[in-house]
Each structure stands twice: as C-alpha cells, then as structure tokens.
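S.K.: My structure is below; once you've seen it, I'll send some questions.
Protein chains: 2
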Amino acid sequence: MNNEWFREKSFHQTHSVGFKLKSILHEEQSEFQNIKVLDTYSVGKLLLLDDKCMVSQADEFVYHEVVSHIPYMCKPIVKNVLIIGGGDCGVVREFARHVDIHSIDLVEIDERVVEVSKKYFPECTQAMDDKRVSLYTQDGIEFIKKKKNHYDIIVIDSTDPEDFALGLFTKQFYKHVHEALVEDGIMINQTENPFLDEFGIKNIYSNMRNTFPIVKSYSAPMLIYPGVFWTFGFSSKKYRPTNIISSKISYMKKLSKDLKWYNTDWHQGAFLLSNLHKRAIDQW
Amino acid sequence: MNNEWFREKSFHQTHSVGFKLKSILHEEQSEFQNIKVLDTYSVGKLLLLDDKCMVSQADEFVYHEVVSHIPYMCKPIVKNVLIIGGGDCGVVREFARHVDIHSIDLVEIDERVVEVSKKYFPECTQAMDDKRVSLYTQDGIEFIKKKKNHYDIIVIDSTDPEDFALGLFTKQFYKHVHEALVEDGIMINQTENPFLDEFGIKNIYSNMRNTFPIVKSYSAPMLIYPGVFWTFGFSSKKYRPTNIISSKISYMKKLSKDLKWYNTDWHQGAFLLSNLHKRAIDQW
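First to last, the protein sequences are chains A and B. Residues in the first sequence are numbered consecutively from 1, following this note's numbering. Residues in the second sequence are numbered consecutively from 1001, following this note's numbering.
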C-alpha cells in the first residue's frame, strides 16, 4: 500500500488486484490480525484482514446471499443456523430475512472485526440486534466440538486455508461439523478460485467427501477476491442443491426482489458447472 | 509497466489487475496500435493491445469456447460463420472443430495481431491453415455492409467500446449485422463487466434490442479482463439460447471431453442470470 493504491498480491505473490484509494478510514492491530478499512473509488469501503480483501460495498451481497439462501431453499425446515467466521455479519443479515429461523449463532474469533464492521459496514451488521442472533467470540474449531445434532445449516465463512483458518479445511473439522448438524443438515463453505489454485481445491473437496455423502460445488463472482471466479462447497447429509423446496418458491420470488444477487433461477444455474470447474474439484 | 510487473488500469483508472513478469517477449507499434506479448507467472503468455489485456494462455479457452459453441448448439444448420476482430484466431479454432461448417471468415483490421499470434499463441491460430478459413485484413464495419443474407453466425470479437472499436456497438452496425445474417441467424458479442460498468452496458443492450427480436445475455469468467465476471450478448432472429438442438447433443457430449470450459449443462446455466446481471441489462 502506498498513499494512492492498495494492492493485494495472490497466487504466490505473482498476481495482484489494485484499488485506488480515497482514504484510509481505520487501522489497528487486534489480538489476531491487522484490521484496515479503506475507502476506494472502484468498490467503495473495503475491509482488509492482514492486508487481504474481505468485504467491499460493491460486492458483499454476492457472498452473503449465495452462502445463505442456497441452503435455506434446499432444506424444508431451517430453525438453527451457525456461522463460523464472518465477523462482518453479512451472512447473519441474510439468514435473518427468514422469519421461520429461530436462532442464528455467529462464532467469530476476533471481536474487533465485528466492532469495526459495526462502525464502517452498518449495512452488513444491521441484523446483529435481532433477538434471534447470538455472537460468540471464540475459536470456531473448539466451539463446534461441543455441539451435537443441533444445527440445520452451518456456514464456514473463512479466510484462505492458511494460518489460523487452516483448521477449518481439515477432515477432522468437517467430521465435527457433520456431528453438529441435524440428520438432514447442510454445510456451506468457500472453496477458493480454480484458475489461481494456490491452496489445493481438489484436497478441500476430497476432505469434504470423506465426511458428507453429497458434496457439490457452485460458483459466484467475488470482485475483490483474487481471480474473482469463486467456488463454494455444498456438503449435505440428505438434500441435493438443485432440489429447491417447492413450497418456498413463491415466498422467495417475492423476497428476491429485495436481493441484489440471488434468485432461484440463478441458484439452479450455479450448479451447472464448466469443464474447468468439474475438473478442479474432481467431479468429472 | 516496470521491469517486474505489468498492471492494467480500468474503471476510470481506479481499479487494476497486475501480472508479475518473467519477460517481455515482443513489442511493436503497428499501423493501428501497440502490440506486446508478455510472459507472466500467473497466466502464462499474455497478449496486450494498447496495454490492454486481450488473450492469455490461462483463460483464452473460456472466451473462445463460449462465443462459438453456444450459437452453434442453438441453430440447426451452421454453414457460414463470420468473426469480426479476434485476430488471435482462437474463435476460428473453436468453429473449425465442427466439420459441418463450410466457411469461416475472419475480418481483422490489423494483420500484425494475426502474425504475432501465430508466433506466440500457435495453440490459438492452429486452424488458420484449414481450407475453410479465409482471413480478410479489413475494417469489419465496412466489410459487413457488403454482405446480405449470408452468415449463419456472426461473432463480434471486439475490444472495449472506445476508439476504433466504438463503431462495433452502434445501432447502425447491428442493423448491418442483421442484414448480413440469414433469416434465422445469430450474433454474439462481448458486452463488458456489470460491476465495473465504465462503458454503459444498458445502452449496448438497448442498441441490440433495437434490431434483434431476441436479445439475451450470459456470463463467463475472463481472468485477465477487468473484474473478470464477463457478459456476452446473444442476439437472434429466431432461436432462443436455451433451446439446444437435440440432434447435436450426443455429438457435443463427445466433443466437449476435449474442451476446457464448454459443455451443454454449463450452456443452460449460463443464461440463468443473477439479479445484478438482469438489472445491468434492463431485463428485469
């Protein structure tokens, strides 16, 4: 970062995306990481954790809508939801749209991410006052070990598979997620970019398949992430991602007028994969 | 560009994508533009025209496969094909896979782009020796005015709507394309990124709808283009993009094993648009 540009380097420091700066709004070192908020010309406000792009005003809705409404629309009953990571609270906002959900637990290791988001991204944190929402400032890996047969949906809203997020991509962790889910539960996680595959996508999917009987993948563009073309995992005990619950369709048709990305047509199409995507996840 | 990195700035010079350089393989000033070939770590060889990314080894197949096989699969008879622009010849390669096509005309204003591509991107230009292929070193806008009721498919493989490519996005040009097409012909063109919409996507689609009765949009990721999430237009006199010709399906199922991106499932899904994409093209 200089006074004019912030650039995030990826793919072994050989690829970069850059944002021209209006100003640096915030900077601090928390117990866990460096936290910055920038104001940029192309994507508005931009949250960085250890100088990696996490959330921007220009595209936050994509990630938040696609990890929440896809599993919600595939499972008849959704009462209890868990989000691990995701301290910007945007995923909470999306689940909170559904009044049939009883509880939304957010487990974020770094409470400063939540506080900074409340100040600079109030459009993301707006549902944190909802009485169904509980914030746990803990390590998600430890939190989940104590939960059994409880959650309908668990979203792993993690950073890349490195440093303290590495444990969120292991067979052992997926086994604990499986145990924390009800008998027809669904796990959603972010699974990186297949063009610039620094972290081994095949291995992530192999670990998921080791635990879940149904493992599918879909994609959505995240403008601020390296390579933009982003993949997500759908790991399920019972339901398939393209069997949308028919009784929810007319409800979602109305709701999606207020959404910026998600609709049920797009949902169906997102699971119709290109050859590159199929090969990247060994589903060929 | 410095000795270590090439960066393309977009969206009013506020957003950038950068590539760490191995070396600069070629540089020249042609009659029309500056032409460079770089060798990079993240995307391999990379062709620049006036310092804008055009083709890379890492993702050229996406663009070339999605502008060719989509219209081919929607029209029962495809005999004569025209490509305007596209001097890298990758679109020619994809159409040449289909033995039922009689002629493939490529109209590229700058023959130096073709020559440089032959040297540095032989995987793209490999079909230029095919006896069905004709290269016309001319202005596509003038070329098309003389053609009437001849082409089954016309692909506008253009740069951004500025400078000498601006004329490839006008109502007048689309009218000439319409006249050059047979009575059930299809036009395909690149229509920019809706997140970083510098050039007015709504206006491009409005111009297309002014001439064609069926105008649809689809997307595919182009890793080297600004914002990656790329949209394409499907403008048609008769056929709809999701009505794949059933007699071609088993043929394509075999062929697509050799393709890196396209398959008929992905084709169907690519037209199931997100809310953002629908709103960007005024198809809401």
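Even for Gly, the Cβ is constructed at its ideal location relative to N, Cα and C. Treat the numbers as computed from the prediction; the structure is a model and nothing was measured.
According to DSSP, is R1097/B helix, strand or coil?
M.R.: Looking up residue 1097/B in the second sequence gives position 97. R1097/B: coil per DSSP, three-state reduction.
S.K.: With 16 as the cutoff for other CB atoms within 10 Å, does I35/A come out buried or exposed?
M.R.: For the purposes of this step, residue 35/A is identified with residue 35 of the first sequence, where counting begins at 1. Buried, because 16 or more other Cβ atoms sit within 10 Å of the Cβ of I35/A.
S.K.: Would you kindly work out how many angstroms separate the C-alpha atoms of F1271/B and E31/A, rounded to a whole number?
M.R.: The sequence position of residue 1271/B within the second sequence is 271, counting from 1. The sequence position of residue 31/A within the first sequence is 31, counting from 1. So the two alpha carbons sit approximately 46 angstroms from each other.
S.K.: Counting only C-beta atoms, is L223/A closer than 8 angstroms to chain B at any point?
M.R.: Taking the first residue of the first sequence as 1, we reach residue 223/A at position 223. For L223/A, the answer is yes, since a Cβ of chain B falls inside 8 angstroms of its Cβ.
S.K.: Just how far apart, CA to CA, sit S256/A and G233/A?
M.R.: Walking along the first sequence from the start, residue 256/A turns up at place 256. Walking along the first sequence from the start, residue 233/A turns up at place 233. Cα to Cα, S256/A sits roughly 22 angstroms from G233/A.
S.K.: Could you have a look at W5/A and say whether DSSP puts it in helix, strand or coil?
M.R.: Position 5 of the first sequence, counting from 1, holds the residue named residue 5/A. Strand at W5/A.
S.K.: Apart from the five residues just before and just after H1173/B, which ones in its own chain have a Cβ nearer than 7 angstroms to its Cβ?
M.R.: In the second sequence, the residue the question calls residue 1173/B occupies position 173. Here residue 1173/B turns out to be Phe, not His, going by the sequence shown. For F1173/B, where only same-chain residues beyond five positions count, the Cβ hits under 7 angstroms are I1141 and G1167.
S.K.: If we count Cβ pairs, one from each stretch, closer than 8 angstroms, do we get three or more for the region 71-89 of chain A versus the region 9-29 of chain A?
M.R.: The region 71-89 of chain A is not in contact with the region 9-29 of chain A.
S.K.: What is the DSSP secondary structure of A165/A, counted as helix, strand or coil?
M.R.: Numbered from its first residue, the first sequence carries residue 165/A at position 165. A165/A sits in a helix when the DSSP states are folded into three classes.
S.K.: When the distance is taken between beta carbons, is Y1262/B closer than 8 angstroms to V1066/B?
M.R.: If you number the second sequence from 1, residue 1066/B lands on position 66. If you number the second sequence from 1, residue 1262/B lands on position 262. Yes, Cβ-Cβ distance for V1066/B and Y1262/B is below 8 angstroms.
S.K.: Nearest to S1224/B by alpha carbon, out of I1188/B, V1017/B, L1082/B and D1265/B?
M.R.: Counted from its first residue, the second sequence places residue 1224/B at position 224. Before going further, note that residue 1224/B is Ile rather than Ser in the sequence given. The candidate whose alpha carbon is nearest that of I1224/B is V1017/B.
S.K.: Alpha carbon to alpha carbon, how far is K148/A from V228/A?
M.R.: Position 148 of the first sequence holds residue 148/A. Position 228 of the first sequence holds residue 228/A. The straight-line gap from Cα to Cα measures roughly 35 angstroms.
S.K.: Is K1020/B helix, strand or coil by DSSP?
M.R.: Numbered from 1 along the second sequence, position 20 holds the residue referred to as residue 1020/B. In the structure shown, K1020/B sits in a strand (DSSP, three-state: E or B).
S.K.: Does the beta carbon of A1280/B sit closer than 8 angstroms to a beta carbon anywhere in chain A?
M.R.: Translated into positions along the second sequence, residue 1280/B becomes position 280. Answer no: the Cβ-Cβ gap between A1280/B and chain A never drops below 8 angstroms.
S.K.: Would you kindly check if the distance between the Cβ of A127/A and the Cβ of A165/A is under 8 angstroms?
M.R.: The residue labelled residue 165/A in the question sits at position 165 within the first sequence. The residue labelled residue 127/A in the question sits at position 127 within the first sequence. No; because the gap between Cβ atoms is not below 8 angstroms, this pair is not in contact.
S.K.: Just checking my contact of H176/A with I144/A at CB under 8 angstroms: how many whole Å lie between their CB atoms?
M.R.: Along the first sequence, read from residue 1 onward, the residue named residue 176/A stands at position 176. Along the first sequence, read from residue 1 onward, the residue named residue 144/A stands at position 144. With a Cβ gap of about 5 angstroms, H176/A and I144/A count as contacting.
S.K.: Are the CB atoms of D1050/B and V1078/B within a distance shorter than 8 angstroms?
M.R.: Along the second sequence, one-based indexing puts residue 1078/B at 78. Along the second sequence, one-based indexing puts residue 1050/B at 50. The answer is no: Cβ separation not under 8 angstroms.
S.K.: Taking all protein chains shown into account, decide if S247/A is buried (16 or more other Cβ within 10 angstroms of its Cβ) or exposed.
M.R.: Looking up residue 247/A in the first sequence gives position 247. Counting Cβ neighbours within 10 Å, S247/A comes out exposed, since fewer than 16 surround it.
S.K.: Return the bridge partner residues of L190/A from the DSSP annotation.
M.R.: Reading the first sequence from its first residue, position 190 is the one you call residue 190/A. It is Gln, not Leu, that sits at residue 190/A in the sequence shown. The partner list for Q190/A (beta bridge, DSSP) reads F232/A.
S.K.: In this structure, does DSSP put T1040/B in helix, strand or coil?
M.R.: Taking the second sequence and counting its residues from 1, the one referred to as residue 1040/B is at position 40. Correct three-state label for T1040/B: strand.
S.K.: Quick one: is W266/A buried, meaning 16 or more other Cβ sit within 10 Å of its Cβ, or exposed?
M.R.: Reading the first sequence from its first residue, position 266 is the one you call residue 266/A. The residue in question, W266/A, is buried, as its Cβ has 16 or more Cβ neighbours within 10 Å.
S.K.: Hey, which unbroken runs of the alpha helix (DSSP H) at 4 residues or more fall wholly within the region 40-125 of chain A?
M.R.: 60-74, 90-96, 111-120 and 122-125
S.K.: What are the residues in the region 12-37 of chain A lying within 8 angstroms of chain B by C-beta distance?
M.R.: H12, Q13, T14, H15, S16, V17, G18, F19 and K20
S.K.: Secondary structure at Y1262/B, three-state DSSP: helix, strand or coil?
M.R.: As a working mapping, residue 1262/B is identified with position 262 in the second sequence. Coil at Y1262/B, not helix or strand.
S.K.: Rounded to the nearest angstrom, how far is the Cβ of D1157/B from that of Y1136/B, given a contact under 8 angstroms?
M.R.: Taking the second sequence and counting its residues from 1, one reaches residue 1157/B at position 157. Taking the second sequence and counting its residues from 1, one reaches residue 1136/B at position 136. About 14 angstroms; that fails the 8 angstroms criterion.
S.K.: Give the interface partners of S1256/B over in chain A, defined as CB-CB distance under 9 angstroms, in chain order.
M.R.: Position 256 of the second sequence, counting from 1, holds the residue named residue 1256/B. Near S1256/B (Cβ distances below 9 angstroms), the residues of chain A are N275.
S.K.: Going by C-alpha to C-alpha distance, which of Q1033/B, P1071/B, D1059/B and S1010/B sits closest to T1264/B?
M.R.: Within the second sequence, residue 1264/B is the residue found at index 264, counting from 1. Of the candidates Q1033/B, P1071/B, D1059/B and S1010/B, the one whose C-alpha sits nearest the C-alpha of T1264/B is P1071/B.
S.K.: Assuming A1180/B is part of the beta strand (DSSP E), what are its boundary residues?
M.R.: Locating residue 1180/B in the second sequence gives position 180, where the first residue counts as 1. Careful: A1180/B lies outside any beta strand (DSSP E), inside the alpha helix (DSSP H) at K1171 to A1180.
S.K.: Express the C-alpha separation of F19/A and R7/A in angstroms, rounding to a whole number.
M.R.: Position 7 of the first sequence, counting from 1, holds the residue named residue 7/A. Position 19 of the first sequence, counting from 1, holds the residue named residue 19/A. Straight-line Cα distance between these residues: approximately 6 angstroms.
S.K.: Using DSSP's beta-bridge definition, name the partner residues of H135/A.
M.R.: For the purposes of this step, residue 135/A is taken as residue 135 along the first sequence, with counting starting at 1. Per the sequence shown, residue 135/A should be read as Leu rather than His. Its beta-bridge partners are L106/A.
S.K.: Decide if H1277/B is buried, meaning its Cβ has at least 16 other Cβ atoms within 10 Å, or exposed.
M.R.: For the purposes of this step, residue 1277/B is identified with residue 277 of the second sequence, where counting begins at 1. Counting Cβ neighbours within 10 Å, H1277/B comes out buried, since at least 16 surround it.
S.K.: For a contact defined as C-beta to C-beta under 7 angstroms, what are the partners of Q138/A on chain B?
M.R.: Position 138 of the first sequence, counted from the first residue, corresponds to residue 138/A. The contacting residues do not exist; Q138/A stays about 34 angstroms from chain B at best.
S.K.: Measure the alpha-carbon distance for W230/A versus S1250/B and round it to whole angstroms.
M.R.: In the first sequence, counting from the first residue as 1, residue 230/A sits at position 230. In the second sequence, counting from the first residue as 1, residue 1250/B sits at position 250. The alpha-carbon atoms of W230/A and S1250/B are separated by roughly 30 angstroms.
S.K.: Taking the Cβ atom as the reference point for each residue, do K1052/B and Y1120/B lie within a distance shorter than 8 angstroms?
M.R.: Position 52 of the second sequence, counted from the first residue, corresponds to residue 1052/B. Position 120 of the second sequence, counted from the first residue, corresponds to residue 1120/B. Cβ distance not < 8 angstroms, so K1052/B and Y1120/B don't count as in contact.
S.K.: Per DSSP, which residues does S1217/B bridge with? Please list them.
M.R.: Mapped onto the second sequence, residue 1217/B falls at position 217. Paired residue(s): G1233/B.
S.K.: If the cut-off is 7 angstroms on Cβ atoms, which residues from the region 55-79 of chain A count as contacting chain B, listed in chain order?
M.R.: A58 and D59
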